Amino acid sequence: MRSVVHPRGPASVTANLTPMIDMTFLLIVFFVLVSQITDRQRVRMDLPRPRDPATMRQRDEQRTVINVVPAEDGAVAAIRVGGDDFPADPDGFASLRQELERQYRENPAVRMNLRADRRIRYRSIEPVMRSVTEAAQAAGVLPRVNLVVERKD
Amino acid sequence: MAARTAGSSRTIRRGPGGTLGVNMTPMIDVVFLLLIYFMVATDFVVTEEIYRLDLPQRLGSGAPDDPFELERDPVRIGVHTTGPEPEDYALDLTGPWPQPTTFEELLAFLQRNLIRDEGSGLFPRDHPILVAPDPDTGWEHAVEAFSTAVRAGYVNVQFVPTS
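Protein sequence lines correspond, in order, to chains Z and D. Taking the numbering used here, I'd label the letters of the first sequence as residues 101 to 253. Taking the numbering used here, I'd label the letters of the second sequence as residues 15 to 177.
The following block contains the structure:
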């Protein structure tokens, strides 16, 4: 609608949507990648929930997550380190020991985060801790382990 | 400004400069829906915390790594799972101590016997505490026993191998 003051009509204000769409796609890619990285490190399981635990938050340090994946009746389906699965048998523990020794040699200060389901029997956890100890001894470093638990809030 | 092409009933909209425009609104709607989905589906809540466990050179021996340090009789806590529920467990202490029936009683025993500044107590903070689960003990009960010793203020708490 033209007027004397604005002979070409009212100004049309348009917003450039291109940067907003770029940012939105970046956010989507971020969330997709984060969810994939989290799933590789944190296998879903029921961790122990001790009462009033004197735990500490994870510090920003080099760590390797050892997931003891549960099967039925407190048995172990596999032991997952990074993207690799090791069976819970003597050959699997030997391979696990080799892998952990390799990681200790690469980074002597690395800590092993042990995540195990609360239903797993101790007889299945103890060989994993033994593998960590033997791998550290073979690499000539101290075996440092973090027991991961869920905090009841 | 609308223009009509010959032989077509469609109306092609052209901008002031004669450029073609694409309606971005549906794409933006879909993009925001995807973003909201991923924000809701991604779990950022951190509820996991850790106990630091420095395994000794000799797993579960309770013996000091320094060969010149005198060995002290460790406090050995036996943990047994007796049923499927979290409350189904039994504890036993090796030695002339009153036997705790719950983790709270174990905590009270350990705290009572911790040597503090006043001089009372039996065990120093670095006294070896061995957690000895049965092979069939659930990991939850084993960790609870470990947690109880750490809560009581002891810093030298280890797991004992089953063999």
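Glycine is no exception: its CB is placed at the ideal position from the N, C-alpha and C atoms. Just so it is clear, the structure is predicted and the values come from calculations on it, not from any experiment.
Pick from the options that is closest to residue i, judged by C-alpha positions
{"i": "ASP217/Z", "options": "TRP153/D, LEU120/D, GLN113/D, ALA146/D", "result": "TRP153/D"}
{"i": "ILE220/Z", "options": "LEU120/D, ASN170/D, ALA156/D", "result": "ALA156/D"}
{"i": "ALA239/Z", "options": "GLU199/Z, LEU214/Z, TYR222/Z", "result": "GLU199/Z"}
{"i": "ALA55/D", "options": "SER135/Z, MET145/Z, ALA175/Z", "result": "SER135/Z"}
{"i": "ASP106/D", "options": "ASP140/D, ALA159/D, ARG130/D", "result": "ALA159/D"}
{"i": "LEU214/Z", "options": "VAL105/Z, ALA175/Z, VAL249/Z, ARG223/Z", "result": "VAL249/Z"}
{"i": "VAL228/Z", "options": "ASP191/Z, VAL241/Z, VAL132/Z", "result": "ASP191/Z"}
{"i": "GLY97/D", "options": "GLY174/Z, GLY182/Z, HIS106/Z", "result": "GLY174/Z"}
{"i": "PHE123/D", "options": "ILE91/D, ASN170/D, ASP102/D, PHE173/D", "result": "ILE91/D"}
{"i": "VAL171/D", "options": "ILE143/D, ASN127/D, PRO88/D", "result": "ILE143/D"}
{"i": "THR176/D", "options": "SER224/Z, THR124/Z, VAL241/Z, GLU172/Z", "result": "SER224/Z"}
{"i": "VAL164/D", "options": "VAL93/D, ASN37/D, THR95/D, ARG139/D", "result": "ARG139/D"}
{"i": "ASN207/Z", "options": "ARG251/Z, ARG197/Z, LEU133/Z, GLU161/Z", "result": "GLU161/Z"}
{"i": "GLY182/Z", "options": "THR124/Z, GLN203/Z, TYR222/Z, ALA194/Z", "result": "GLN203/Z"}
{"i": "THR124/Z", "options": "VAL45/D, MET38/D, ARG126/D, THR39/D", "result": "VAL45/D"}
{"i": "MET212/Z", "options": "LEU121/D, GLU101/D, TYR51/D, LEU67/D", "result": "LEU67/D"}
{"i": "THR95/D", "options": "ASP87/D, PHE117/D, VAL89/D, ARG86/D", "result": "PHE117/D"}
Length of the line joining the Cα atoms of residue i and residue j
{"i": "LEU47/D", "j": "VAL143/Z", "result": "28 Å"}
{"i": "PRO243/Z", "j": "VAL232/Z", "result": "7 Å"}
{"i": "ASP48/Z", "j": "LEU126/Z", "result": "The requested residue 48/Z is not part of the displayed model; chain Z covers only 101 to 253."}
{"i": "SER112/Z", "j": "MET41/D", "result": "23 Å"}
{"i": "GLY109/D", "j": "THR115/D", "result": "15 Å"}
{"i": "ALA235/Z", "j": "ALA209/Z", "result": "13 Å"}
{"i": "LEU73/D", "j": "LEU247/Z", "result": "For LEU73/D, the predicted structure reports a pLDDT of 45, less than 50, and the residue's modelled location is therefore unreliable. A value from the coordinates is still provided. Going from the Cα of LEU73/D to the Cα of LEU247/Z covers about 16 Å."}
{"i": "ARG149/Z", "j": "GLU63/D", "result": "10 Å"}
{"i": "ASP189/Z", "j": "THR164/Z", "result": "21 Å"}
{"i": "ALA166/D", "j": "ALA177/Z", "result": "34 Å"}
{"i": "LEU49/D", "j": "PHE130/Z", "result": "10 Å"}
{"i": "PRO110/Z", "j": "ASN116/Z", "result": "19 Å"}
{"i": "TYR168/D", "j": "PHE186/Z", "result": "34 Å"}
{"i": "VAL169/Z", "j": "TYR65/D", "result": "20 Å"}
{"i": "ILE166/Z", "j": "ARG180/Z", "result": "6 Å"}
{"i": "ALA146/D", "j": "MET120/Z", "result": "59 Å"}
{"i": "SER75/D", "j": "GLN113/D", "result": "For SER75/D, the predicted structure reports a pLDDT of 48, less than 50, and the residue's modelled location is therefore unreliable. A value from the coordinates is still provided. In a straight line, the C-alpha of SER75/D is about 22 Å away from that of GLN113/D."}
{"i": "GLU119/D", "j": "ASP148/D", "result": "20 Å"}
{"i": "ILE128/Z", "j": "THR61/D", "result": "24 Å"}
{"i": "ASP146/Z", "j": "ASP131/D", "result": "40 Å"}
{"i": "GLU226/Z", "j": "GLY135/D", "result": "32 Å"}
{"i": "VAL129/D", "j": "PHE137/D", "result": "Looking at the sequence itself, residue 129/D is Ile, so the reference to Val does not match. If you take the alpha carbons of ILE129/D and PHE137/D, they lie about 6 Å apart."}
{"i": "TYR222/Z", "j": "VAL174/D", "result": "10 Å"}
{"i": "MET38/D", "j": "THR114/Z", "result": "13 Å"}
{"i": "ALA194/Z", "j": "VAL93/D", "result": "28 Å"}
{"i": "THR151/D", "j": "TYR103/D", "result": "9 Å"}
{"i": "PHE52/D", "j": "VAL132/Z", "result": "7 Å"}
Where residue i falls: helix, strand or coil (DSSP)
{"i": "MET123/Z", "result": "helix"}
{"i": "HIS106/Z", "result": "coil"}
{"i": "ASP43/D", "result": "helix"}
{"i": "ARG221/Z", "result": "strand"}
{"i": "TYR65/D", "result": "strand"}
{"i": "LEU242/Z", "result": "coil"}
{"i": "ILE50/D", "result": "helix"}
{"i": "ARG211/Z", "result": "strand"}
{"i": "GLU101/D", "result": "coil"}
{"i": "VAL232/Z", "result": "helix"}
{"i": "ILE129/D", "result": "coil"}
{"i": "LEU107/D", "result": "strand"}
{"i": "ARG86/D", "result": "coil"}
{"i": "PRO227/Z", "result": "helix"}
{"i": "GLN113/D", "result": "coil"}
{"i": "VAL132/Z", "result": "helix"}
{"i": "HIS141/D", "result": "coil"}
{"i": "ALA265/Z", "result": "Because chain Z is modelled from 101 through 253, residue 265/Z falls outside the range shown and cannot be assessed."}
{"i": "ALA146/D", "result": "strand"}
{"i": "VAL164/D", "result": "helix"}
{"i": "VAL157/D", "result": "helix"}
{"i": "LEU121/D", "result": "helix"}
{"i": "THR95/D", "result": "strand"}
Contact test: residue i Cβ vs the ligand NAP heavy atom, cutoff 7 Å
{"i": "VAL104/Z", "result": "The model depicted lacks the ligand NAP and carries no ligand whatsoever."}
* **Contiguous alpha helix (DSSP H) assignments of at least 4 residues, all confined to the segment 160–206 of chain Z** => Segments of the alpha helix (DSSP H) lying fully in the segment 160–206 of chain Z: 190–206.
* To do: Give the residues from the segment 114–125 of chain D that approach chain Z closer than 8 Å (Cβ to any Cβ), ordered along the chain.
  => Those would be PHE117, in chain order.
* Using a Cβ cut-off of 8 Å, which residues of the segment 150–161 of chain D contact any Cβ in chain Z, in chain order? -> The residues in question are ASP150, THR151, GLY152, TRP153, GLU154, ALA156, VAL157, GLU158, PHE160, SER161.
* Under 8 Å (Cβ pairs) to chain Z, residues found in the segment 40–54 of chain D -> Taking 8 Å as the Cβ-Cβ cut-off against chain Z, the residues of the segment 40–54 of chain D that qualify are MET41, ILE42, VAL45, PHE46, LEU48, LEU49, PHE52, MET53.
* Mind listing which residues of the segment 124–136 of chain Z have their C-beta closer than 9 Å to chain D's C-betas, in chain order? -> Per Cβ criterion, the list reads THR124, PHE125, LEU127, ILE128, PHE130, PHE131, VAL132, VAL134, SER135.
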